[in-house]
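Data first, discussion second: the structure below is written as structure tokens.
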Amino acid sequence: MIEYNRMLASASFVGVLIIIGLPLWWKTTEVYRVSLPYDKINSFDSLSHTITAELTVLANDDTTASEIANLIEKAFQDSTIIKLRIHKSILSHSLHTTLDSVADEHEAVEEVASHFDLSRHNSFYVVQRKPLFQDVWLAGERVMFFRDSKASSTIVEALKGIIYQLSVVEGASSESADIARQIRFPPGAGYHVVLSVVHPRPDALKVDLDAGNAIEDYIGSFVDELSVLYNFTLKSQWLHLLNFDFQSTEIKDESEWGHHFAVRQDRLHLLLTKLEERTATHVSELPTINLALYAVPCDKAPLVIYDEYDQKISSPVQAFMSPKWGGVVLANPSPKECAADQIFRPDVRVIMGTFISQLRKLLGITDAEPIKGLYLEPLRSVKPRQWEIDNLLRIKTTEQLTSAERTLQSLAQLLGEISNIVINDEVGASINSAVESIQRASDLMREGQLVNAYKTSQNAFLDAETAFMEPSLLALLYFPDDQKYAIYIPLFLPIMFPVVLSLKNLLLWFRGKPIHKEKTD
Amino acid sequence: MYFSCKLYHVLLTVAGSFSLSYGLEIPKEFQNSNHSNNWAVLVDTSRFWFNYRHVANVLSIYRSVKRLGIPDSQIILMISDDMACNPRNPRPATIFNNAHEQINVYGDDVEVDYRGYEVSVENFVRLLTGRVPPDTPRSKRLLTDEGSNILIYLTGHGGDGFLKFQDSEEITSQELADALEQMWQKRRYNEIFFLIDTCQASSMYEKFYSPNILATASSLVGEDSLSHHVDSAIGVYIIDRYTYYVLEFLENVHPNSKRTMSEFFAVCPKSACISTVGVRRDLFKRDPSKVPITDFFGSVRKVIITTDPIDILEIPKRKRKAENKTKVIEKREYLPQFPMHLVQSTV
Amino acid sequence: MESVRRLLLYNIFFIVFSCIHCDVFKEELFIKSLPPSHLYTHFQFVTLVNSDTSSFHSHLAPRSLVEVISRFHVEELHLTLTEGQWRHNQWGYPVLDAAPGAELYAWFSADVVDVDIQWKKLTSTLSGLFCASLNFIENFNTVIPQMTLWPTGAVKAGQNVTSHLRYASLPREIVCTENLTPWKKLLPCESSKGFSALLNSRMIHNTNYHSVGVHVRKNCISNDCSENNLEIKQTVGLVYDYDILTSSEWSFRKLYGQGLPGACPLSSDSKIYVDVTSNDTQPFTLIPPPHSVVLSQRGGSDVKLAIYDVKPDGQMINIGIKHNRNSDLPVPIPPPLYFNRYVLGYGKEFGGIVTELTNNCWTSINVVVLENAPWWLPIQLSTLRINGEAESSLIISQYYSPGRSRQKPYHLELLMKLPPRSTTTITIDFEFVFLKWQEYPPDANHGFYIGSALILANLPTAKNYTSLPNTGTTFDSMLNASKLWYPIVFRTNGAMVSLPTPDFSMPYNVICLACTVVALAFGPLHNICTKELVLKPVGTPVSLLQKVFNLFKRKRD
């Protein structure tokens, strides 16, 4: 009887501690982890990044059209980034005669525009026009004129290098950054553009410039065209008394000044450091593109940049830019403005033209090498060319998609490795939405809906960044497993020791063997 | 085997002498780094007046790095306690590296990003991994990218495998290694130079496993880093030996300097520092004797001359958003500065 | 002659240009000697920005600050970083009083829905802008003063200002060069020209009191206030000690390390005001002589000011004084209202805060006292005593908001009428609270700071009063600006308490102890329940183990 009671007591200890207690402790110290789509994330490597673009070839007769179309198709066969959906057709009789008879190419473009929709993104037209001076003619609209089928190789080169810029788009998804990616700003939700007018000597030289209106008109019109890509905020400020010592040397020459001051190119990056002290761009929430206009004081004017070979740079303006930072223009006053307290009125048109050229490169519009036989109409307005915008959309879509994929892959690896980080619902939701967006963006890219693909890839990129940079994913905040055991083991091990040992006796008693464990004194 | 080695060396010297005589150069890509910007993270982890020397350490490196061109917007400076304006400082707003007041390392234009209680293990790891709270201003974030070379300098009290923060918590070498690996995964650096001046400092870099990290420490495991000298006016040790000699070396470096990293490693021999300087170079791809100091301490910024400005034909005009000038005139008024209405109502 | 012509042309051009861009910048310096042996200098840099211009384009105003103001819809902002204590009973009243450490309060515009979120974002952004730990301002150390703080700028008619006000102070913040550097970058002339060139951090931190501030508000331009502009005022207040300067004959070289290198070329007005009222009793000479001396009669006190008009011609000016004869030490005359605050009690259970207000005036003064106790120092309203009485007739109105642990601080406001020529003592008790492990700062044994109390007083006289009227922006608005009342907000000194702090090295010991106790308790319990003691007859065979054990036992006979 007493033995029965003893065994019951022993069994109850075992029951409470091992059968109830152990699973309860395990459950309560479990880490809350939302389940993540690891398999989908691992399958990103096989996800296609191909963008389908529409290309229409319009020729006078079928043979030319077929020849050109086949050549283009063969050239783009190997590309994994861009797939062309080529439509070939013959010019309608009215359009044919109109194209042959109009005076210049711009009217011809208008004629084509009246027949076809040139404002659709991701489309391009290659049209034959007999009276052409060069083999191929290209301007700002989504249309390219060629003379005859002898120009087919030029057409292919132009499509690869200028219109579709295969190398740049491929570079957007590569592991290491190519030149274009090193220069342009990384992807984001939007940018701030700040025009800083640097006025080193307000007492010696008066500068008349309406910076706010200048940036709104010129840069504003430029960024309005890119509104499909980003939201831009334009700001301007004046930095007075920011005097930078260029360490320039005076060189006599035959200009109206009689001399000029030579600045070495390797000294210029220190100007950027000095500018950064005062531009206060860290207050903004988004990355900032700096455009600085340096009004050179009269006693150091004109300032001319000399390159590393001690030669004057061959450029109509004295300007330079720095990747991922912005651009600087050195504005020199004229001798007339410096004499007798005149006011320095910088030529806004020239300055803004320089800034726009720098801004294009910083945003990702690269100028390609000239191709023999191709006439590319030089850009005369602030608005970018239509196919440049398309190209920018493609580059950015690929870049954002690749970046989102890499982010999610490394996040999945991190969360898999460190098993004690809590994955709360927000992170799970961000990751899931990013995965969905990536897949949808890839589908949209393949279908050729470029604008939607861009927007979806931007969402994917932002969601992936949010998920990765979530403040709660810090390994420090959570108990690693070995620390968890280190705290509970000293508490529970001495308790479990006799309980586990008594299990043996319990089993023997259940089987009916007598127990005579003696312990003498 | 030995003979073939010798032959190889002979051939190499011959080739080298040929190249020298013909003016050929070792290919530039071999020695040049492909980084596009430089950042520095400088952390002082000790609190209390008797740790004055750690603040002097970190400000010495700050001063050098700023002088060699890294802008403040790319330096994250973390100082745990205020020494310059401390009431116990007989020379307010100054921190000297030397009892003879040679260099005021605090300077006139210092900008401290994290100070006081903000310097904690959590904030440091958050800064490195980028997982900062959403309201954090940009000047307190590490906005590096795949082309950034980062200099990380830590000073304070350390031990075998840990570094003490603010006398109340520690960061372990494993946590630091994991943080750097997360930076690598997110492509947040090109190369890192890790410099640490504490006791048993080399234990902090033993656990690193991410590529492109070059690390050096002021002492090996089992050794203590010692301080340099006492300033009797202040009553505390004023700077540590290793950083004192590092500052001396860096004061002679100018932005176009050709000194290399291997010269930097030799800056404090055992006779001067008493502890042995440790170096870890197995994770670093390039040869430190060909890496210029300015790759980490100076700032490179690529400058591209603009030669093709756009010749704008017609001046654009952007539509102003608020074209309607019918502004609603809002009436404003000055309020009384004392609530007299409450006094009168209850009287 | 040439330089005069240049100056004239420059001024004309500047007027032309200043209207095109419509930003005006003025810098001023006010110097006053404080008896017995201190000198007060107050710098003021004012930028007036036309409200019409967008917040994105700025000319003279600091773009970063304007962007912050417009992004968070702030109507008025006051930020000060102060080191040292202003001794009101000896020195009179400063132009702008500031609490020791960091103090930030702001009014948000009426269209802001969630003020607390904007407040948190504003403090985080300002912490990055000024290199101060303002991001430690959270809901648990922010109060909404009901009666004490009123906007000095022009507000929209009919707006409820109190609900959109937030006030917080961090007494532990230090002020050093790292705060001065970004502050200086907000000025249009930075620190190369103008009055800001005098602000050498090594000299101005060697003072008894230094306070750096940024004040932004909206100002009326026209009389009917249909047009307004944004006023950004940056101030530096310094109190020098003649003992540190080693002479009571001060000069710019001694105070700032250098002379003044001319005014800022962008400023439309650069003036230096020196208070020479004490010239009658302790005569001294100003070198170089001032351009003009004016007498200002304000609120029953006569103040004589020497004015220097500084030109941006690059000429170095070193203003200093020379005593005419060996002057006697001036005796400080106590101002109409001064106060003292200290902590009572001993031990680590209870304590009390005492605020003593002394009214030196011949008439009664109305004051509002704001006590702001942190959440870990619960003050008990039932223990509030005025001059020892629980229900005092001196209290006109009272506002009490009890705090909540880790969420809200304790907030007490009293509108009182101080009787003439008397000292009123306000006492309130508090108890200490145990904090959680992680909430202790790394140097917990240093002590915990209680912020200063705010006192809004409606003074009947302007004795020792140097503040500007709220309709004016520059010091000349102070001349002869007599009014009925002179409201001013004072900050008392802060206090420090020592909370009960645990021994932080205990966790390991505690774990070991707890585990041992549990093991020791559980073992015998388990044995009693599951084992039975059985007697064994003598002579039964013993095992080897038992033999070994028996060796260690004492043989009993």
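Chains as they are written, first to last, in numbering that gives the first Met the number 0: chain A, 0 to 520; chain B, 0 to 346; chain C, 0 to 556. Built from N, CA and C at the ideal position, the CB exists for glycine as well.
Straight-line Cα distance separating residue j from residue i
i: E388(C); j: E355(C); result: 14 Å
i: D99(A); j: K129(A); result: 6 Å
i: G212(C); j: I243(C); result: 24 Å
i: K303(C); j: L294(C); result: 4 Å
i: L285(C); j: I320(C); result: 5 Å
i: E205(B); j: Q184(B); result: 20 Å
i: Y184(A); j: E275(A); result: According to the sequence as given, residue 184(A) is Phe; it is not Tyr. If you take the alpha carbons of F184(A) and E275(A), they lie about 17 Å apart.
i: F29(B); j: N444(C); result: At F29(B), the pLDDT of 39 sits below 50, so the modelled position is not reliable; the number obtained from the coordinates is stated separately. Approximately 56 Å between the Cα atoms of the pair.
i: M6(A); j: W508(A); result: 8 Å
i: D107(B); j: F129(C); result: 15 Å
i: S32(C); j: D279(C); result: 13 Å
Supposed close pair residue i, residue j - CB separation, criterion 8 Å
i: K416(C); j: P335(C); result: Actually they are not in contact, since the Cβ atoms of K416(C) and P335(C) sit about 15 Å apart, beyond 8 Å.
i: H87(C); j: Y337(C); result: 4 Å
i: E376(A); j: L137(A); result: 7 Å
i: L197(C); j: G100(C); result: Not really, about 25 Å apart at Cβ, beyond 8 Å.
i: A141(A); j: Y124(A); result: The sequence shown places Arg at residue 141(A), rather than the Ala named in the question. About 6 Å; that satisfies the 8 Å criterion.
i: G522(A); j: V135(A); result: Any answer about residue 522(A) is impossible in this case: the structure gives chain A only from 0 up to 520.
i: A167(C); j: I143(C); result: So it is not a contact: roughly 10 Å between Cβ atoms.
i: S436(A); j: T465(A); result: Contact doesn't hold; Cβ gap of about 12 Å is too wide.
DSSP-derived helix/strand/coil call for residue i
i: Q336(B); result: coil
i: M495(C); result: strand
i: G106(B); result: coil
i: E28(B); result: For E28(B), the predicted model reports a pLDDT of 38, less than 50, meaning its position is unreliable; a value from the coordinates is still stated below. Helix.
i: M146(C); result: coil
i: I303(B); result: strand
i: H410(C); result: strand
i: F115(A); result: coil
i: Y272(C); result: strand
i: T124(C); result: helix
i: N159(C); result: coil
i: P133(B); result: coil
i: S202(B); result: helix
i: A474(A); result: helix
i: A97(C); result: coil
i: C219(C); result: strand
i: I80(A); result: coil
Per DSSP, the bridge partner or partners of residue i
i: H228(B); result: I238(B)
i: F207(B); result: BP columns for F207(B) are empty, so no partner.
i: L137(A); result: M143(A), L375(A)
i: V245(B); result: Its beta-bridge partners do not exist; DSSP assigns none.
i: F319(A); result: V327(A), I304(B)
i: A456(C); result: V366(C), I487(C)
So, do the stretch 12-24 of chain A and the stretch 400-412 of chain A have three or more beta carbon pairs nearer to each other than 8 Å? no
Does the structure place the stretch 265-275 of chain C close enough to the stretch 237-255 of chain C that three or more beta carbon pairs sit under 8 Å? no
Cβ pair count under 8 Å reaching 3, the stretch 153-166 of chain B against the stretch 64-78 of chain B: no
Taking contact to mean 3 or more Cβ pairs, one atom from each stretch, closer than 8 Å, check whether the stretch 326-334 of chain A and the stretch 291-302 of chain A are in contact. yes
Quick check: the stretch 52-64 of chain C against the stretch 205-220 of chain A, are at least 3 beta-carbon pairs closer than 8 Å? yes
Taking 8 Å as the cut-off, does the stretch 171-189 of chain B touch the stretch 124-131 of chain B (at least 3 CB pairs, one atom from each stretch)? yes
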